[in-house]
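Please read the structure below before turning to the comments.
See below:
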């Protein structure tokens, strides 16, 4: 089939021959595509016309009477049957390991396909293939991935692919000796999919206000000494 885009003024229509039959596909608007079988360059068999809704992928009948294609101009001539891309398969949501390789794919049908991967709705630079790989993945690589597949007929987007990572503690405070009346300052550095939550404990007892990556206690006394730990969690 051929793609014809409505223009003004209108150039001459050229039909397209495929499989022994001649077809014309007319873009009636930004969403609707009229498809009909041509007898001659500007004649349309009106009883064999449908409209494709590129946004919803639905078909419905369209009656044009004895109208010809003379009001439409040709653009984007493509070889073979044409339609908006159809997503046939894609990666599933997954839990990845820190510093491992994140691998995603999409399988789509259609002609003249191009691809654009996005993370949290932001396009990823140079991620324009049907597969996407990110080696040495970290928490910043986690989130909601999608791939939009496009051709001259329209586009289709995958369902969100949610990538998560368990928290990993990278660095933490060492055992220390403090001075009475001085300040106690502890920290932990962790990586993983956001959001990351922190909870500090002293001798296994929860510290109510110890909910950040750092914990500070001023004017300390002997009662503040003990074994401090921090539990790091996320939704993975």
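In the numbering used here, the protein residues as written are 505 to 740. In this text, a Cβ means the ideal position worked out from N, Cα and C, and glycines have one as well. In this text, all values refer to a predicted model and were calculated from it rather than measured experimentally.
Outcome for residue 726 when other beta-carbon atoms lying within 10 angstroms are tallied against a minimum of 16: As a working mapping, residue 726 is identified with position 222 in the chain shown. Answer is exposed; the Cβ neighbour count stays below 16.
Just to confirm, are residue 610 and residue 620 a CB contact at a threshold of 8 angstroms? For the purposes of this step, residue 610 is taken as residue 106 along the chain shown, with counting starting at 1. For the purposes of this step, residue 620 is taken as residue 116 along the chain shown, with counting starting at 1. It is not a contact, given that the beta carbons lie outside the stated cut-off.
If I'm right that residue 694 touches residue 736 with Cβ under 8 angstroms, what's the distance once you round it to whole angstroms? As a working note, residue 694 is residue 190 in the chain shown. As a working note, residue 736 is residue 232 in the chain shown. Confirmed, Cβ separation roughly 5 angstroms.
Sub-8 angstroms separation of residue 677 and residue 691 beta-carbons: Position 173 of the chain shown, counted from the first residue, corresponds to residue 677. Position 187 of the chain shown, counted from the first residue, corresponds to residue 691. Contact annotation: residue 677 and residue 691 have beta-carbon atoms nearer than 8 angstroms.
Could you give the uninterrupted runs of the beta strand (DSSP E) lying entirely in the stretch 672-732, keeping only those of 3 residues or more? 672-676, 688-695, 701-706, 718-721
Residue burial classification, residue 669 (beta-carbon count within 10 angstroms, cutoff 16): One-based indexing of the chain shown puts residue 669 at position 165. The residue in question, residue 669, is buried, as its Cβ has 16 or more Cβ neighbours within 10 Å.
What does DSSP give as the partner residue(s) for residue 606 in the beta ladder? Along the chain shown, one-based indexing puts residue 606 at 102. Looking at the DSSP assignment, residue 606 forms a beta bridge with 638.
Put residue 656 into one of helix, strand or coil per three-state DSSP. Taking the first residue of the chain shown as position 1, residue 656 is located at position 152. It is coil, neither helix nor strand.
Put residue 616 into one of helix, strand or coil per three-state DSSP. Position 112 of the chain shown, counted from the first residue, corresponds to residue 616. Of the three classes helix, strand and coil, the one that applies to residue 616 here is coil, per DSSP.
Tell me whether residue 590 is buried or exposed, calling it buried when 16 or more other Cβ atoms sit within 10 Å of its Cβ. The sequence position of residue 590 within the chain shown is 86, counting from 1. Around the CB of residue 590, fewer than 16 other CB atoms lie within 10 Å, so the residue is classed as exposed.
Under DSSP, the beta strand (DSSP E) around residue 741 begins and ends at which residues? One cannot answer for residue 741 here, as it falls past the ends of the chain, which runs 505 to 740.
Which listed residue (635, 729, 616) has its alpha carbon closest to that of residue 588: For this step, residue 588 is matched to residue 84 along the chain shown. When only C-alpha atoms are compared, the closest one is 616.
How far does the beta strand (DSSP E) with residue 599 in it extend, from its first residue to its last? In the chain shown, residue 599 corresponds to position 95, counting from 1. Start and end: 598-600.
Reducing DSSP to helix, strand and coil, say where residue 739 ends up. In the chain shown, counting from the first residue as 1, residue 739 sits at position 235. If DSSP states are grouped into helix, strand and coil, residue 739 belongs with coil.
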